[in-house]
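Residue numbers (numbering that gives the first Met the number 0), protein chains in the order written: chain A, 0 to 311; chain B, 0 to 399.
From the three backbone atoms N, C-alpha and C, an ideal C-beta is built for every residue, glycine too.
See structure below.
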Amino acid sequence: MDFIFPAALNAISYGLLLFMLAAGLTLVFSLMGVMNFAHASLYMLGAYFAYSIARQAGFWVGLVAAPLLVAGLGMLIERHVLRHLHARGHIPELLFTFGLVLVIEEIVKLVWGLGAVDYRVPPELRGTLFEAFGTRFPMHKGFVILVALASLGAIWWLIARTRTGLVVRAALANPAMVESLGHDVGRIFTLVFGLGAGLAGIAGAVGGAVLVTEPAMAAHLGTIIFVIVVVGGLGSIKGAFIASLLIGGLESVLIAIDVRLSDLLMPLKGLSSGLDAVLALKASQLAPILPYLLMVAVLVFRPRGLFGEREV
Amino acid sequence: MMRLQLPRAGRSGYGAPAVGAGLALLVLLPLFGASRYWLVLGMQVWVLAAYAYSYQLLFGRAGMLSFGHAVYFGLGAFAAAHALNSRALAAMGLPVEMIPLIGMLAGLGAAVVFGFPSTRRAGTPFAMVTLGIGELVAACFLMFPGFFGGEAGISTNRAALGGWVAANYGAADRAYVLIALWALALGAMALWIARTPLGLLARATRDNAARLAFCGIEPSAVRFRLMLVAGALAGAAGALSTLLNEIVSVESVSLAMSANVLLMTVVGGPAHAFGPLLGALTLTLMQSVLSRFTHAWVFYYGLMFILTVLFAPNGLTGIVSDVLRNARQLGAGGMARRYGAPVAAALLAGLLAIGTIEIAFFRDEGIGAARVFPAWGAAGLSLGCLAALLWLRRSLRGLA
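Next up, the structure:
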């Protein structure tokens with residue numbers, strides 16, 4: 000218990016952070032068919048904006064203002080670039096967002112430098128939230144869980160319970176019909192893209208403070224959230240939720256396990272030198288590749304993902 | 000309509016021999032006493048061009064946007080390094096000219112393994128899966144230090160094996176000829192495959208996969224076969240990079256290397272026979288020459304890529320062939336009247352934008368003028384840049 004409990008809380012905290020990103024990505028994908036490679040770059044911009052604002056006006060102002068800035072940037076990108084590219088098919092859209100990844104990373108390096116910046120949670124969040132089974136659960140991890148649940152709850156309420164959300168859901172199902180009923184589908188696209196970008200911005204403003212704010216932060220999370228979206232099933236929010244917690248769990252539990260594969264698979268030892276090299280690996284060494292192995296396995300055995308309605 | 004009445008200079012029958020003579024000159028560059036620096040740059044262009052030709056086959060012909068092509072390039076490069084270092088192969092008398100074949104086999108093997116999960120679907124899912132497979136292989140490097148050499152990579156020596164034609168290829172001028180000839184052969188192979196039935200079917204999967212399936216041909220099988228060819232060609236290109244650098248590190252399987260080939264192919268032109276060569280030339284020049292003047296060269300390269308995607312989907316070769324075609328129709332005077340204003344506006348806007356960026360970020364070490372201007376110069380230049388962009392927009396409206 001004293002091992003599993005903190006690991007489980009870490010997994011939930013990290014998994015919810017991942018879900019804030021994956022939810023926006025999969026929402027934008029199911030509405031527009033755009034797989035936004037730059038989604039994690041928006042997360043990074045959220046962290047850096049929040050850092051700069053926090054230095055002037057304090058952490059809490061940054062936490063609110065940075066996501067709004069990122070959402071505005073996302074809406075500008077959708078309105079002025081992606082909408083025009085859409086007519087030329089998906090490949091130019093993918094290429095454009097991939098180019099954005101490069102350019103945003105370079106801009107971050109030029110403006111904020113190559114190293115990590117000193118962006119941390121404020122003193123009020125540095126204490127211990129509670130102690131259980133002999134380990135302390137830090138308050139900032141609880142804060143991540145709280146922010147994630149609050150913002151996801153707000154998005155859920157907006158989409159499931161308001162009139163705007165009704166139009167958004169209708170546009171998901173049949174944009175042409177919604178258009179002919181007199182709604183501006185283009186504006187809905189911009190709004191949803193802005194929502195996704197804003198979620199990424201919140202995740203950045205929180206995740207940057209809890210984890211680390213550096214130019215490489217987008218590259219790592221970027222591929223992980225793609226794995227989540229594929230494993231969960233393209234366009235499925237429920238699948239993205241389960242997959243986020245699964246991947247968050249894999250990463251945070253395995254990193255703490257010091258078991259070698261050879262301990263589990265004793266009989267296979269000594270069959271060949273190549274196999275021995277694989278068996279000598281520790282579980283913690285496997286952690287970085289497991290998400291990708293999981294993705295390949297899902298693609299081979301269940302191509303539509305865990306909860307997807309169509310095949311990947 | 001105009002074009003029919005005019006002689007077609009490019010198709011007069013002298014085109015192919017002229018291009019062949021130009022390429023032969025490039026291969027024989029060492030005869031003209033080029034210095035070691037330019038020879039190494041030239042080899043880099045050839046290696047990257049061979050890599051980009053294999054990618055053009057996937058992306059340009061079949062519309063398969065892979066973000067993990069470095070898997071095949073990198074595994075080919077590592078296989079070649081191990082082959083060069085292997086005593087058993089040296090004892091068997093393997094000539095160094097055949098090292099790219101080892102890379103080709105490695106690339107083919109990797110494509111057999113990874114091709115199945117990635118080529119089942121096209122479009123966006125294909126792009127995401129290749130990205131994941133690329134990360135999977137790159138993340139393996141710390142787990143298998145025996146094969147990937149850990150952080151240090153694997154060092155080798157291209158003079159370790161003897162050759163059939165030359166005694167060894169240690170000297171830069173001999174290595175240049177070997178690499179250039181191999182790269183030409185690989186590029187020619189990729190262009191030839193594009194004209195075979197497989198290449199034509201690949202184009203059909205891009206344009207109308209449903210109809211192809213209706214005709215009784217499974218699109219994913221076509222994609223898988225094309226992936227095998229492209230993987231083998233990329234593996235051979237990776238082996239060439241081992242011969243050039245004599246060291247292979249995890250860089251060569253990284254996402255950055257996958258991104259490079261995509262950028263080169265798109266910037267050069269995904270549909271044109273010279274696209275990959277021009278893209279490789281552009282990347283190498285920016286990487287080695289421009290980087291001496293500014294730290295922001297990657298930013299400029301990324302910006303160039305975005306502008307290409309937005310405004311010139313056929314890449315630099317597309318721009319060149321458009322200009323040539325229009326020049327034939329309009330003549331020099333007509334070209335100047337028609338394109339003078341937009342080109343001048345675009346150049347002015349570009350220069351002012353570069354000036355702004357350089358002054359804002361590297362006043363002490365950037366491109367020439369940045370050292371002279373004070374920091375507030377950036378504000379003035381950016382206003383000027385905005386004005387030039389407005390001018391560009393007006394003159395482009397005049398065109399349409």
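Quick check: is the beta carbon of residue i nearer than 7 angstroms to any beta carbon in chain A?
i, result
"Ile358 of chain B", "no"
"Ile353 of chain B", "no"
"Glu134 of chain B", "yes"
"Met303 of chain B", "no"
"Leu64 of chain B", "yes"
"Met142 of chain B", "yes"
Give a yes or no on whether 7 angstroms exceeds the smallest Cβ distance from residue i to chain B.
i, result
"Tyr13 of chain A", "no"
"Ile288 of chain A", "yes"
"Gly98 of chain A", "yes"
"His182 of chain A", "no"
"Met294 of chain A", "yes"
"Thr222 of chain A", "yes"
"Gln284 of chain A", "yes"
"Met43 of chain A", "no"
"Met34 of chain A", "yes"
"Tyr47 of chain A", "no"
"Val102 of chain A", "yes"
"Leu109 of chain A", "yes"
What does residue i touch in chain E if you count any residue whose Cβ is under 9 angstroms from its own?
i, result
"Val229 of chain A", "No chain E is part of this structure, whose protein chains are labelled A and B."
Tell me, please, which residues DSSP counts as bridged to residue i.
i, result
"Val321 of chain A", "Any question about residue 321 of chain A goes unanswered here, given that chain A covers just 0 to 311."
"Ile246 of chain B", "B:Ser154"
Interface residues of chain B around residue i at Cβ under 8 angstroms?
i, result
"Ala218 of chain A", "Leu254"
"His89 of chain A", "Gly122, Thr123"
"Tyr291 of chain A", "Gly131, Ile132, Glu134, Leu135, Ala138"
"Ile106 of chain A", "Phe298"
"Phe95 of chain A", "Ile305, Val308, Leu309"
Report the rounded CA-to-CA distance for residue i versus residue j, giving the unit in angstroms.
i, j, result
"Phe129 of chain A", "Ile3 of chain A", "16 angstroms"
"Arg7 of chain B", "Ala335 of chain B", "Any answer about Arg7 of chain B is weak, because its pLDDT of 42 lies below 50 and its placement is not dependable; what the coordinates show is given next. Arg7 of chain B and Ala335 of chain B: Cα-Cα distance of roughly 22 angstroms."
"Ala49 of chain A", "Ala179 of chain B", "50 angstroms"
"His79 of chain A", "Leu382 of chain B", "21 angstroms"
"Leu225 of chain B", "Pro16 of chain B", "29 angstroms"
"Leu298 of chain A", "Leu198 of chain A", "28 angstroms"
"Val100 of chain A", "Leu302 of chain B", "11 angstroms"
"Gly169 of chain B", "Ile98 of chain B", "14 angstroms"
"Asn156 of chain B", "Gly332 of chain B", "56 angstroms"
"Met103 of chain B", "Pro312 of chain B", "31 angstroms"
"Ala187 of chain B", "Val44 of chain B", "16 angstroms"
"Gly106 of chain B", "Ser251 of chain B", "13 angstroms"
"Arg162 of chain A", "Lys237 of chain A", "22 angstroms"
"Ala220 of chain B", "Ala239 of chain A", "30 angstroms"
"Leu113 of chain A", "Glu245 of chain B", "29 angstroms"
"Gly152 of chain A", "Leu145 of chain A", "10 angstroms"
"Phe28 of chain A", "Phe188 of chain A", "11 angstroms"
"Ile227 of chain A", "Phe306 of chain A", "12 angstroms"
"Leu165 of chain A", "Ser287 of chain B", "54 angstroms"
"Leu88 of chain B", "Phe77 of chain B", "15 angstroms"
"Ile90 of chain A", "Ala61 of chain B", "12 angstroms"
"Pro341 of chain B", "Thr283 of chain B", "28 angstroms"
Name the chain B residues that come within less than 7 angstroms of residue i, Cβ to Cβ?
i, result
"Val226 of chain A", "Gly131"
"Ile52 of chain A", "Here the premise fails: no neighbours, minimum Cβ distance about 20 angstroms."
"Pro66 of chain A", "Those within 7 angstroms of Pro66 of chain A in chain B number zero; the least Cβ separation is about 24 angstroms."
What residues of chain A sit near residue i, judged by a beta carbon separation below 7 angstroms?
i, result
"Pro116 of chain B", "Val295, Leu298, Val299"
"Val265 of chain B", "Leu94"
For residue i, go through chain A and note every residue whose CB falls closer than 9 angstroms to its CB, in chain order.
i, result
"Val392 of chain B", "Per the sequence presented here, residue 392 of chain B reads as Arg, with Val not at that position. Those within 9 angstroms of Arg392 of chain B in chain A number zero; the least Cβ separation is about 13 angstroms."
Which residues of chain A have a Cβ atom closer than 8 angstroms to the Cβ of residue i, listed in chain order?
i, result
"Ala295 of chain B", "Glu105, Leu109"
"Pro312 of chain B", "Arg87, Pro91"
Quiz item: Whole beta strand (DSSP E) runs in the segment 246-297 of chain B with 3 or more residues, listed along the chain?
Solution: none
Quiz item: Whole alpha helix (DSSP H) runs in the segment 97-174 of chain B with 4 or more residues, listed along the chain?
Solution: 98-118, 122-138, 144-147
Exercise. Quick one: which unbroken alpha helix (DSSP H) runs of 4-plus residues sit fully inside the segment 63-112 of chain A? Chain order, please.
Key: 82-85, 89-111
Quiz item: Can you list the alpha helix (DSSP H) stretches of 4 or more residues lying completely in the segment 172-218 of chain B, in chain order?
Solution: 196-213
Quiz item: Of all the alpha helix (DSSP H) runs that stay within the bounds of the segment 289-348 of chain B, which reach a length of 4 or more residues?
Solution: 296-310
Quiz item: For the segment 164-202 of chain A, which segments carrying the beta strand (DSSP E) assignment without a break, of at least 3 residues, lie completely within its bounds, in sequence order?
Solution: none
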